[in-house]
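There are 2 protein chains.
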Amino acid sequence: MTKTPPASARPVDPLDDFLCFSLYGAGLAMNRIYKPLLEPFGITYPQYLVLVALHARDDRPVSDLGERLQLESNTLTPLLKRLEAAGLIERRRDSRDERVVRLSLTVAGRDIAGKALDCVPGEVLEATGLTSAELDTLNRSVAKLRDSLLRR
Amino acid sequence: MTKTPPASARPVDPLDDFLCFSLYGAGLAMNRIYKPLLEPFGITYPQYLVLVALHARDDRPVSDLGERLQLESNTLTPLLKRLEAAGLIERRRDSRDERVVRLSLTVAGRDIAGKALDCVPGEVLEATGLTSAELDTLNRSVAKLRDSLLRR
DNA sequence: TGCGATTTAATCGTACACGATATATATTTG
DNA sequence: CAAATATATATCGTGTACGATTAAATCGCA
Chain A
12 MTKTPPASAR PVDPLDDFLC FSLYGAGLAM NRIYKPLLEP FGITYPQYLV
62 LVALHARDDR PVSDLGERLQ LESNTLTPLL KRLEAAGLIE RRRDSRDERV
112 VRLSLTVAGR DIAGKALDCV PGEVLEATGL TSAELDTLNR SVAKLRDSLL
162 RR
Chain B
12 MTKTPPASAR PVDPLDDFLC FSLYGAGLAM NRIYKPLLEP FGITYPQYLV
62 LVALHARDDR PVSDLGERLQ LESNTLTPLL KRLEAAGLIE RRRDSRDERV
112 VRLSLTVAGR DIAGKALDCV PGEVLEATGL TSAELDTLNR SVAKLRDSLL
162 RR
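Each protein sequence line maps, in turn, to chains A and B. Letter by letter, the first sequence follows residues 12 to 163 in my numbering. Letter by letter, the second sequence follows residues 12 to 163 in my numbering.
The structure is reproduced here in structure tokens:
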């Protein structure tokens, strides 16, 4: 008979073996990095994503943006209304198909998007402590995982 | 004068180069995988994390759990109250320090945690489309990133 | 042509996250 | 010992996420 090893007297916490848990924590941590960086622009992280997406391609339907961000109208509509109220985007019904709402950046929105893109990504890269190459590799792995999960 | 190349007439969407964006999307996708797996147990993903954490180490203060999950009382208190209302955990003031609320699993909570741990992680692994070794490697990278970000 | 099916947003209710603040208890210190 | 300070939760307001449903416009096809 041997003494119970104290370190394994209780089941080992499996959380550290869960990829979902590291992803969850990394997402929370990333959000905390972004918050003070975006605060000067008066936008949240999901709002930043919307501005970046519209900066790349303007005059898009809500459904297009939703496909890009993997979000639906129940999430996007209130978010987009806040961006509109802040004067950063415009929402207009498509005259050819009145079901569709087309989104475009205002001048102020384009300005914010440009300024944010000038400084924020660099500061985030710095916060990750990774080289650009390391970040790129990890990005590809995580994107591949995301796509696998979405395919289910 | 040359024609503007159509493919680069507009700025390339930088979202795909953002690690934050793949992490964000992977987090959303992971949550969507978990939702139907946890639905039979009547719990959400953060609630599942709490049960797993308590399954590994019971009778913990809220602050301990918060440190483990990187969440504070403003998030945890309502979540814990819901778990208590569902009969899965107990919340008791520590008699030696009345500021502290200690958390423990009920029998029902331990049962749910055990049953979920029996089947959910395997189904999630399957959904990732990764081998255990690949998942482990990615998990380490993401956890390292998370810790780097938290250290700021 | 007309009418049921489909598509697109919006709405509603619930559950996280989190900054700011409040409350109660414990500790420190003068 | 009492007042000041620190600590542990809780509360409140705002902003995502998302399932379920609704409303309006369009499409498809008899």
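We put the beta carbon where it would ideally sit given N, CA and C, even for glycine.
Contact set for residue i: own chain, Cβ-Cβ below 8 Å, skip 5 residues either direction
{"i": "residue 149/B", "result": "141"}
{"i": "residue 65/A", "result": "71, 76, 100, 114, 115, 116, 120 and 124"}
{"i": "residue 138/A", "result": "44"}
{"i": "residue 81/A", "result": "161"}
{"i": "residue 35/B", "result": "none"}
{"i": "residue 98/B", "result": "117, 119 and 120"}
{"i": "residue 159/B", "result": "none"}
Run of the beta strand (DSSP E) containing residue i, from where it starts to where it stops
{"i": "residue 101/B", "result": "100 to 104"}
{"i": "residue 118/A", "result": "That residue, residue 118/A, is in no beta strand (DSSP E); its alpha helix (DSSP H) goes 118 to 139."}
Per-residue burial, residue i [other beta carbons within 10 Å of its own, 16 or more giving buried]
{"i": "residue 63/A", "result": "buried"}
{"i": "residue 112/B", "result": "buried"}
{"i": "residue 153/A", "result": "buried"}
{"i": "residue 79/B", "result": "buried"}
{"i": "residue 144/B", "result": "exposed"}
{"i": "residue 13/B", "result": "Bear in mind that the predicted position of residue 13/B carries a pLDDT of just 39, short of 50, making it unreliable; the figure below should be weighed with that in mind. When all chains shown are included, residue 13/B counts as exposed."}
{"i": "residue 163/A", "result": "exposed"}
Start-to-end residues for the alpha helix (DSSP H) that takes in residue i
{"i": "residue 87/B", "result": "84 to 96"}
{"i": "residue 26/A", "result": "It is not in any alpha helix (DSSP H) - residue 26/A carries neither H nor E in the DSSP assignment."}
{"i": "residue 147/B", "result": "143 to 161"}
{"i": "residue 79/B", "result": "73 to 80"}
{"i": "residue 63/A", "result": "56 to 67"}
Chain-order list of residues whose beta-carbon lies under 6 Å from that of residue i (same chain, five-residue window excluded)
{"i": "residue 56/B", "result": "42 and 45"}
{"i": "residue 37/B", "result": "none"}
{"i": "residue 52/A", "result": "123 and 127"}
{"i": "residue 25/B", "result": "none"}
{"i": "residue 17/A", "result": "For residue 17/A, the pLDDT reaches just 46, beneath the cut-off of 50, and the residue's location in the model is therefore unreliable, although a value from the coordinates is still provided. So no residue of the chain qualifies."}
9 Å Cβ cutoff met for residue i and residue j
{"i": "residue 131/B", "j": "residue 60/B", "result": "no"}
{"i": "residue 128/B", "j": "residue 136/B", "result": "no"}
{"i": "residue 5/B", "j": "residue 118/B", "result": "Residue 5/B lies beyond the stretch modelled for chain B, which goes from 12 to 163, so this question has no answer here."}
{"i": "residue 109/A", "j": "residue 102/A", "result": "no"}
{"i": "residue 104/B", "j": "residue 58/B", "result": "no"}
Option in the options with minimal Cα separation from residue i
{"i": "residue 23/B", "options": "118/A, 110/A, 67/A and 133/A", "result": "67/A"}
{"i": "residue 156/B", "options": "27/A, 33/A, 25/A and 29/A", "result": "33/A"}
{"i": "residue 134/A", "options": "47/A, 105/A, 108/A and 27/A", "result": "47/A"}
{"i": "residue 54/B", "options": "104/B, 126/B, 30/B and 27/B", "result": "126/B"}
{"i": "residue 30/A", "options": "25/B, 27/B, 29/B and 40/B", "result": "40/B"}
{"i": "residue 28/B", "options": "151/A, 159/A and 158/A", "result": "151/A"}
Beta-carbon contacts of residue i that lie in its chain and below 7 Å, excluding the five residues immediately before and after
{"i": "residue 85/A", "result": "none"}
{"i": "residue 88/A", "result": "none"}
{"i": "residue 106/B", "result": "none"}
{"i": "residue 69/A", "result": "115 and 116"}
{"i": "residue 83/B", "result": "77"}
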